[in-house]
Amino acid sequence: MGLVVQKYGGSSVADAEGIKRVAKRIVEAKKNGHQVVVVVSAMGDTTDELIDLAEQVSPMPAGREFDMLLTAGERISMALLAMAIKNLGHEAQSFTGSQAGVITDSVHNKARIIDVTPGRIRDSLDRGNIAIVAGFQGVSQDKKDITTLGRGGSDTTAVALAAALDAEVCEIYTDVDGVFTADPRVVKKAKKIDWIAFEDMLELAASGSKVLLHRCVEYARRYNIPIHVRSSFSGLQGTWVSSEPIEQGDKKVEQAIISGVAHDTSEAKITVVGVPDKPGEAAAIFRTIADAEINIDMVVQNVSAASTGLTDISFTLPKTEGRKAIDALEKNKGGIGFESLRYDDQIGKISLVGAGMKTNPGVTASFFEALSGASVNIELISTSEIRISVVTRADDVPEAVRAVHTAFGLDSDTDEAVVYGGTGR
Ligand code: ADP
Ligand code: ASP
Ligand code: MG
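For this note's numbering, count along the sequence shown from 1 and bump the result up by 10.
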């Protein structure tokens with residue numbers, strides 16, 4: 011029996027009852043002979059509540075203090091979980107990210123893990139304890155400040171520890187039975203996927219399927235750590251995310267042509283209006299954005315109107331970075347040379363993901379037909395080898411997701427997807 015890393019999300023530990031239920035599950039794994047490392051998120055919507063609180067005292071809180079505040083959420087749940095396990099007669103010790111050896115760069119609010127030195131976790135396990143680690147946080151290598159890994163970052167903590175400790179598997183426990191062909195909160199007829207390759211899961215995660223975070227899947231692929239996404243509320247098998255298909259009976263599970271439909275309403279669109287159509291302009295805009303440490307997603311540039319020689323450039327970025335991006339562009343307005351900026355946060359993105367797209371003609375046409383059938387207007391389009399994404403009005407997203415899901419034959423004709431908890435916030 012080897013070492014397992016189990017991660018429990020906020021909805022699984024939303025209240026005292028949840029913490030006690032999860033504690034029992036952890037103790038079961040220990041009784042089955044495993045060494046168990048648990049990564050835990052903040053209880054319920056605690057992180058959102060802390061963010062709301064910060065905004066009430068300061069519109070743009072300093073990154074260092076913001077991280078100090080947010081990491082408190084995970085500290086509460088890790089200590090309570092350790093207490094609940096001890097109460098069941100088993101030994102457990104809780105550790106902050108810093109104590110667990112999660113070393114990051116110093117970019118507050120979205121730090122990257124650069125090293126994991128889990129010496130204290132190993133010692134604790136060797137002494138027979140269950141080790142509980144606060145997810146979503148680390149300590150910066152140079153300044154030794156407390157950092158956070160970005161929203162949903164506990165998934166990344168779990169996979170990073172699994173890699174550093176050479177775990178057999180990283181189990182991600184959440185409030186649905188696994189990864190589905192669409193968000194079960196939007197599509198009741200979404201189907202659970204038994205196995206999905208890292209490649210497809212990476213695209214789904216990057217396109218907004220928040221059941222797993224993109225960085226966590228990237229990390230798992232790099233170190234080849236199999237992930238098992240499952241519910242903490244049921245005993246069912248969930249979804250395996252790995253490089254090789256799993257066996258079912260004596261057959262290997264087939265790679266699906268279309269893995270699923272993802273949606274994302276966390277982005278905004280900035281349009282830089284009246285940009286001179288000459289070399290170096292796009293470079294100046296995106297250098298400004300990059301220097302502000304902002305990641306962008308989609309980009310489109312219109313053909314310039316011949317009479318003016320001016321063009322518009324639009325791009326999407328996380329809403330949380332909107333203010334910073336506008337400020338940075340305004341500051342460099344003279345240097346870049348543009349007329350004005352437009353900010354639109356009422357957009358949504360819908361993506362269809364599947365490795366089969368490479369070899370099946372007509373996928374793009376069917377995707378656009380489904381959207382037109384649902385009377386959804388398309389504002390931006392981007393594609394990769396295995397993904398097509400469009401930007402639409404945010405209000406159109408649920409209907410568009412359902413239309414595309416049905417058009418690609420993904421609807422289940424038997425069960426309805428179960429959502430066990432969480433508020434979907
Ligand atoms: P946790 O609190 O466990 O981290 P999250 O809220 O981060 O949970 O992720 C689980 C949620 O992800 C589900 O409740 C579901 O609404 C959402 N989700 C989005 N896309 C998918 C998908 N394709 N399959 C399963 N869940 C999805
Ligand atoms: N508590 C953090 C968040 O809500 C991290 C996590 O849950 O993964 O984003
Ligand atoms: Mg999550």
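Just so it is clear, CB atoms sit at the ideal spot from N, CA and C, and this is done for glycine as well.
Since this is a predicted model, take the numbers as computed values, not measurements.
- For Tyr229, the uninterrupted alpha helix (DSSP H) run begins and ends at 224–233, by DSSP.
- Residue environment: Leu223 is assigned as buried (16 or more neighbouring CB atoms within 10 Å of its CB, all protein chains considered).
- Apart from the 5 residues on each side of it in sequence, Val197 sits with its Cβ closer than 7 Å to the Cβ of Val411, Arg412, His415 in its chain, given in chain order.
- Rounded to whole angstroms, the gap between the alpha carbons of Ser253 and Pro236 is 8 Å.
- The three-state secondary structure of Phe208, taken from DSSP, is helix.
- Glu409 sits away from Ala380, with the two beta carbons spaced by 8 Å or more.
- In this structure, Glu213 lies away from Arg85, with their beta-carbon atoms at least 8 Å apart.
- For Asp155, the CB contacts under 6 Å within the same chain, skipping 5 residues up- and downstream, are Arg74 in chain order.
- The C-alpha of Asn139 is placed about 49 Å away from the C-alpha of Arg297.
- If you check the C-beta of Thr402 against the ligand ADP, you find no heavy atom less than 7 Å away.
- Looking only at Gly245, His238, Val271, Ala82, the smallest Cα-Cα distance to Pro255 is reached by His238.
- With a threshold of 16 other beta carbon atoms within 10 Å, Lys153 falls short and is exposed.
- By the C-beta density criterion, Thr167 is buried, having at least 16 other C-beta atoms within 10 angstroms.
- Relative to the ligand ADP, even the nearest heavy atom lies 7 Å or more away from the CB of Lys359.
- When the beta-carbon positions are compared, Gly284 and Thr191 stay at least 8 Å from each other.
- Annotated as proximal: Val32 and Val23, with beta-carbon spacing under 8 Å.
- A distance below 8 Å separates the beta carbons of Ser51 and Ser164.
- Annotation for Gly19: Ser51, Thr184 place their beta carbon closer than 6 Å to its own, counting only its chain and skipping 5 residues before and after.
- Between Ala121 and Leu79, the gap from beta carbon to beta carbon reaches 8 Å or more.
- Per DSSP, reduced to three states, the secondary structure at Val37 is helical.
- Residue burial annotation: Thr318 is exposed, with fewer than 16 other C-beta atoms found within 10 angstroms of its C-beta.
- Residue pairing of Val411 in beta bridges, as defined by DSSP: absent, with no partner found.
- In the DSSP assignment, Asp337 falls outside any beta strand (DSSP E) and within the unbroken alpha helix (DSSP H) covering 332–341.
- Counting only unbroken stretches of 4 or more residues, the alpha helix (DSSP H) elements lying wholly within the segment 104–136 are 129–136, in sequence order.
- A Cβ-Cβ separation of about 6 Å places Gln103 in contact with Ala141 under the 8 Å criterion.
- Boundaries of the beta strand (DSSP E) harbouring Asp322: 320–328, taken from the DSSP string.
- In the displayed model, Ser217 falls within coil according to three-state DSSP, outside both helix and strand.
- Short note on Thr321: C-beta not closer than 7 Å to any heavy atom of the ligand ASP.
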